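Trainee:
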Amino acid sequence: MAKVVGAVVVDTEECKGCGLCVVACPQQVLGQNKQVNSRGYHFSFMENPEACIGCSNCAIVCPDTCITVYRVRV
Amino acid sequence: MEVKDIIKPENLVYEKPKLLTENTMHYCPGCTHGVVHRIVAEVIEDLNIQERTIGVSPVGCSVFAYNYIDIDWQEAAHGRAPAVATGISRVNPDKVVFTYQGDGDLASIGAAEIMHACNRGEDIVVIFINNAIYGMTGGQMAPTTLLGQVTATTPCGRDAERNGYPLKITELIAQLPGTSYVTRQSAHTPASVRKCKKAIKKAFQNALDKKGTSFVEVVSTCNSGWRINPVDANVWMEENMFPYYPVGDMKDAERDSKEAHLKKN
Ligand SMILES: Cc1ncc(C[n+]2csc(CCOP(=O)(O)OP(=O)(O)O)c2C)c(N)n1
Ligand code: SF4
Ligand code: SF4
Ligand code: SF4
Ligand SMILES: [Mg+2]
């Protein structure tokens, strides 16, 4: 059976660290970085990248549209 | 497969709509305004009506909406967006005109304007962000504030005897013959965002088809005003707002008043 793998790119400077993408992800891919961006926000990142299925759930709940999503069948 | 092999242009499935500008939104982290702005931008892009669409922005946190969606805009005085939209739409019947308003703007100071625009059945779209509070001015009680809800002006919680009851203005608007589509949505989960986009797209299509007023309420959070973090604010909204402001379509019909339509043409 074809498997789908995904990956996201977070615009770390635009991210406000609200955490809404973290709870929207069905695969527990995302986490909030211990580091902060130049505006002091704990930006979101792929803590668990191999679990991403490229569903875009994180991207569509983000109020600041910081997430770009990629998906490929393997 | 390595992440760098997945992140390639041919594998792109979601990116920021081109209609959203590069300006960083001034909203608080997690604010629903940002999500709804993006949905509106996507709908305008999908319908390919960028050149025909004119937005009317309110007074409230979304006063600067015109900085974020790359279309023509007009800023209105507090609550008067439906009256301004009426003028724009009547002078330019080929344009698609929408208002974007908060609950203080629409249900308090602008209660008369919204009622009459909807009752006249203006061919406009109304996007109504109900976060049960005056966000911009520091979290005072709005007409939509729930009973018992603590705000800057109801420190002991809203009390019906003192403050009256939370106003279900969308239910009132659904009674008006000039409205063709009246719905209440939310935009806090992936599924609700997708549904909300469908509703907003239908509303814009109705405006293109001159079907009368389409009204989309989005039950929203104001985590700063509520003094709750963004993730918990969504939970609070589900537990407290949804029982009083249930999501779903209230009306989806051709305009009842055919006479009003005839008079205008
Ligand atoms: C004529 C007038 N009266 C009062 C105000 C103060 N004021 C600014 S925004 C606002 C309420 C905003 O609340 P809402 O419409 O719910 O928008 P939100 O910020 O919650 O999105 C008020 C009362 C004003 N700017 N102009
Ligand atoms: S939803 Fe957007 S702004 Fe919020 S933490 Fe995730 S990427 Fe950052
Ligand atoms: S695309 Fe889907 S699986 Fe991947 S991080 Fe976003 S929500 Fe999680
Ligand atoms: S005050 Fe409330 S409505 Fe205004 S930007 Fe902040 S969270 Fe959003
Ligand atoms: Mg409000």
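Protein chains in written order, with this note's numbering: chain A, 854 to 927; chain B, 1257 to 1521. Note that the Cβ used here is the ideal one computed from N, Cα and C, for glycine as well. If you're wondering where the values come from, they're calculated on a predicted model, not measured in any experiment.
(1) Okay, do the stretch 1467-1477 of chain B and the stretch 1375-1384 of chain B touch, 3+ Cβ pairs below 8 Å being the bar?
(2) Anything in chain A within Cβ reach of B/V1259, meaning under 8 Å, just list it in chain order.
(3) When you compare only the Cα positions, how much space is there between B/R1418 and B/E1495?
(4) Could you spell out where the alpha helix (DSSP H) holding B/E1417 opens and where it closes?
(5) So, does the CB of B/M1497 fall closer than 8 Å to a CB anywhere in chain A?
(6) Would DSSP call B/M1281 helix, strand or coil?
(7) Using only alpha-carbon positions, find the residue among B/A1297, B/T1309, B/E1271 and B/M1281 that is nearest to A/E867.
(8) Using a threshold of 8 Å, state whether the C-beta atoms of B/P1285 and B/D1361 are closer than that.
(9) When you compare only the Cα positions, how much space is there between A/C919 and A/F898?
(10) Would you identify the three-state DSSP class for B/N1348, choosing helix, strand or coil?
(11) Residue ranges of each beta strand (DSSP E) run of no fewer than 3 residues wholly in the stretch 887-923 of chain A, ordered along the chain?
(12) Quick check: does the Cβ of B/P1285 come within less than 7 Å of any heavy atom belonging to ligand 3?
(13) On the DSSP bridge assignment, give the partners of B/G1391 in chain order.
(14) Looking only at C-alpha atoms, which of B/G1404, B/C1412 and B/P1422 sits nearest to B/S1364?
(15) Confirm the yes/no value for this check: CB of B/I1476, any heavy atom of ligand 2, distance under 7 Å.
(16) Quick one: what does DSSP say B/M1497 is sitting in, helix, strand or coil?
(17) Against chain A, with Cβ distances strictly below 8 Å, would B/Y1270 count as a contact?
(18) Kindly indicate if chain B contains any beta-carbon less than 8 Å away from that of A/T909.
(19) Would you check if there are 3 or more beta carbon pairs closer than 8 Å linking the stretch 871-883 of chain A to the stretch 905-912 of chain A?
Mentor: In brief:
(1) yes
(2) In the second sequence, residue 1259 of chain B corresponds to position 3, counting from 1. Those are A860, M899 and P902, listed as they occur along chain A.
(3) Within the second sequence, the letter at position 162 stands for residue 1418 of chain B. Within the second sequence, the letter at position 239 stands for residue 1495 of chain B. Each residue's alpha carbon lies about 24 Å from the other.
(4) Position 161 of the second sequence holds residue 1417 of chain B. A1416 to N1419 is the extent of the alpha helix (DSSP H) around B/E1417.
(5) Locating residue 1497 of chain B in the second sequence gives position 241, counting from the first residue. Judged by the 8 Å Cβ criterion, B/M1497 is not in contact with chain A.
(6) Taking the first residue of the second sequence as 1, we reach residue 1281 of chain B at position 25. B/M1281 falls in the coil class under three-state DSSP.
(7) For this step, residue 867 of chain A is matched to residue 14 along the first sequence. Cα-wise, what sits closest to A/E867 is B/M1281.
(8) Numbered from 1 along the second sequence, position 29 holds the residue referred to as residue 1285 of chain B. Numbered from 1 along the second sequence, position 105 holds the residue referred to as residue 1361 of chain B. No, these two residues do not count as a Cβ contact at 8 Å.
(9) Sequence index remark: in the first sequence, residue 919 of chain A carries index 66 (1-based). Sequence index remark: in the first sequence, residue 898 of chain A carries index 45 (1-based). When rounded, the distance between both Cα atoms is 11 Å.
(10) For the purposes of this step, residue 1348 of chain B is taken as residue 92 along the second sequence, with counting starting at 1. Coil at B/N1348, not helix or strand.
(11) 897-899
(12) For the purposes of this step, residue 1285 of chain B is taken as residue 29 along the second sequence, with counting starting at 1. Answer for B/P1285: no, Cβ out of range of ligand 3.
(13) For this step, residue 1391 of chain B is matched to residue 135 along the second sequence. Partner(s): none; B/G1391 has no beta bridge.
(14) The sequence position of residue 1364 of chain B within the second sequence is 108, counting from 1. Among B/G1404, B/C1412 and B/P1422, the Cα nearest to that of B/S1364 belongs to B/P1422.
(15) Along the second sequence, read from residue 1 onward, the residue named residue 1476 of chain B stands at position 220. The sequence given here has Ser at residue 1476 of chain B, not Ile. No - ligand 2 has no heavy atom lying nearer than 7 Å to the Cβ of B/S1476.
(16) Residue numbering aside, residue 1497 of chain B sits at position 241 when the second sequence is read from its first letter. Helix, per DSSP.
(17) Sequence index remark: in the second sequence, residue 1270 of chain B carries index 14 (1-based). It does; some Cβ of chain A falls within 8 Å.
(18) Counted from its first residue, the first sequence places residue 909 of chain A at position 56. The displayed chain sequence assigns Ser, not Thr, to residue 909 of chain A. Yes, A/S909 counts as interfacial toward chain B.
(19) yes
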